[in-house]
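Here's the structure, in structure tokens; my notes come after.
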Amino acid sequence: MKIFKSIEEMRSACRAAKRADQRLGLVPTMGALHEGHLSLVRAAREQSKVVAVSIFVNPTQFGPNEDFSKYPRGFDRDCGLLEKEGVDLVFAPSVEEMYPDGTVTWVTVEGLSDKLCGRSRPGHFRGVTTVVAKLFNVVEPDLAFFGQKDAAQLAIIRRLVRDLNFPVKVVGCPIVREPDGLAMSSRNAYLDPQQRRSALALHRALLEIEELFHRGEGNPQMLICAGKRIISQESGVRLDYLEIVDPDNLEPIPQTTWGQPPKLALSAVEGAVQPSVARPPHNALVAIAAFVGTTRLIDNVVLNLT
Ligand code: AMP
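Every number in this note's numbering is 229 more than the matching position in the sequence shown, counting from 1.
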């Protein structure tokens with residue numbers, strides 16, 4: 230396994246792999262690796278010849294009062310785990326390498342970046358899309374692997390790739406959970422034992438929504454209320470948001486479009502004259518974010534509407 234800290238060296242190692250016609254898969258991470266990250270690495274291993282993992286705690290996606298400085302870091306442990314998974318290339322640049330003095334260029338996926346976590350964390354997704362665009366430019370991967378755990382991020386990156394024509398296939402990977410259901414997260418390390426128990430309320434709320442939906446409750450507002458009730462019963466948990474949205478555009482799904490057949494509508498693109506088919510979403514993303522103490526956790530489930 231080769232470890233690079235400079236953009237130039239990482240780029241030439243990646244180009245060498247690609248010159249040899251080897252499919253290159255990239256797994257971007259902020260380190261403090263757990264089984265969720267490793268599931269992405271395994272998917273990359275299966276689908277690509279050369280696997281690259283980036284470890285970079287990206288300061289531009291943290292707000293001024295967020296946990297950038299105390300975010301868990303464990304580079305040697307992370308490298309040990311990646312070596313065992315057969316990773317070929319690790320990219321671990323410094324902040325100065327990624328953002329030299331005078332950096333003023335940002336990549337923003339407008340609209341989507343203000344929804345869900347983007348509403349409570351202004352500028353967060355701008356930081357994410359900027360660093361992902363930079364990583365794509367350095368590594369030039371054929372495939373890039375992202376977790377469904379960060380469902381809004383996944384939707385935004387898919388849109389980034391589409392809108393900027395990055396020649397990268399984005400692969401979404403399922404959420405990996407602890408045996409009791411808590412979604413794995415590097416931030417779980419912040420929780421004390423009592424908070425760790427309280428944190429299960431997020432998963433319980435999602436399970437309740439899923440069960441009510443399968444029993445025939447079709448009103449998103451009723452489902453949201455049921456989930457909120459579960460959260461309110463756990464005194465150590467403060468809800469940030471609980472929303473049911475279209476997983477592609479992150480817009481709330483009105484009840485009237487659930488389960489309806491596609492209907493014709495004029496394209497929303499300005500100047501377009503062709504009618505386009507407005508399809509109600511096939512899936513609904515139930516996304517939750519909540520504070521357990523000062524730790525902000527997120528989780529989600531997808532409901533199949535068809
Ligand atoms: P992070 O290090 O938190 O930036 O996460 C790096 C990648 O790992 C992102 O694509 C996350 O969505 C993904 N990831 C984090 N936690 C999980 C999990 N529990 N299951 C699956 N993927 C995850």
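Note that the Cβ used here is the ideal one computed from N, Cα and C, for glycine as well.
Under the three-state reduction of DSSP, which class applies to K378: helix, strand or coil? Within the sequence shown, residue 378 is the residue found at index 149, counting from 1. Helix.
Going by beta carbon distance, what residues of the same chain come within less than 6 Å of F354, once the five residues before and after it are set aside? The residue you call residue 354 lines up with position 125 of the sequence shown. Hits under 6 Å: S342, G347 and I385.
At a cut-off of 7 Å, is R304 close to the ligand AMP when judged by its beta-carbon and the heavy atoms of the ligand? The residue labelled residue 304 in the question sits at position 75 within the sequence shown. This sequence places Phe at residue 304; Arg is not what is there. Checking every heavy atom of the ligand AMP against the Cβ of F304, none is found closer than 7 Å.
Rounded straight-line distance, which links the Cα of Q424 to that of P491: Stepping through the sequence shown from its first residue, residue 491 is reached at position 262. Stepping through the sequence shown from its first residue, residue 424 is reached at position 195. Residue placement at P491 cannot be trusted, given a pLDDT of 47 that sits under 50; what the coordinates show is reported in the next sentence. About 44 Å.
Cutting at 7 Å between CB atoms, please list the residues of its own chain near R467, excluding the five before and the five after it. On the sequence shown, residue 467 is found 238 positions in, with the first residue counted as 1. Within the same chain, R467 has close Cβ partners A519 and F520.
Under 8 Å: do the region 357 to 374 and the region 385 to 402 share three or more Cβ pairs, one atom per stretch? yes
Short check: CB of N529 to CB of A380, under 8 Å? Sequence index remark: in the sequence shown, residue 529 carries index 300 (1-based). Sequence index remark: in the sequence shown, residue 380 carries index 151 (1-based). Contact: yes.
Rounded to a whole number of angstroms, what is the C-alpha to C-alpha distance between L495 and R508? Position 266 of the sequence shown, counting from 1, holds the residue named residue 495. Position 279 of the sequence shown, counting from 1, holds the residue named residue 508. For L495, the pLDDT reaches just 47, beneath the cut-off of 50, and the residue's location in the model is therefore unreliable, leaving the point undetermined.
Of the choices R444, P403, S298 and I438, whose alpha-carbon is the least far from that of A455? Locating residue 455 in the sequence shown gives position 226, where the first residue counts as 1. That would be I438, whose Cα lies nearest to the Cα of A455.
What distance in whole Å lies between the Cβ atoms of S268 and C402, which are believed to be in contact at a cut-off of 8 Å? Numbered from its first residue, the sequence shown carries residue 402 at position 173. Numbered from its first residue, the sequence shown carries residue 268 at position 39. Right, the Cβ-Cβ distance comes to about 6 Å (below 8 Å), so this counts as a contact.
Looking at the secondary structure, which residues open and close the beta strand (DSSP E) in which G254 lies? Within the sequence shown, residue 254 is the residue found at index 25, counting from 1. Segment L253 to T258, the beta strand (DSSP E) holding G254.
So, with DSSP's three-state summary, where would you put A281? In the sequence shown, the residue the question calls residue 281 occupies position 52. It is a strand residue.
Report the three-state DSSP secondary structure of Y419 (helix, strand or coil). Here residue 419 refers to the residue found at position 190 of the sequence shown. Y419 falls in the helix class under three-state DSSP.
Give, in chain order, every unbroken run of the alpha helix (DSSP H) that is at least 4 residues long and sits entirely within the region 347 to 408. 353 to 368 and 380 to 392
Hey, which residues come within less than 6 Å of the ligand AMP, measuring from Cβ to any heavy atom, in chain order? T258, M259, G265, H266, S268, L269, F375, G376, K378, D379, C402, I404, V405, A412, M413, S414 and S415
Between M259 and V282, is the Cβ-Cβ spacing less than 8 Å? In the sequence shown, residue 259 corresponds to position 30, counting from 1. In the sequence shown, residue 282 corresponds to position 53, counting from 1. Taking 8 Å as the Cβ cut-off, M259 and V282 do not qualify as a contacting pair.
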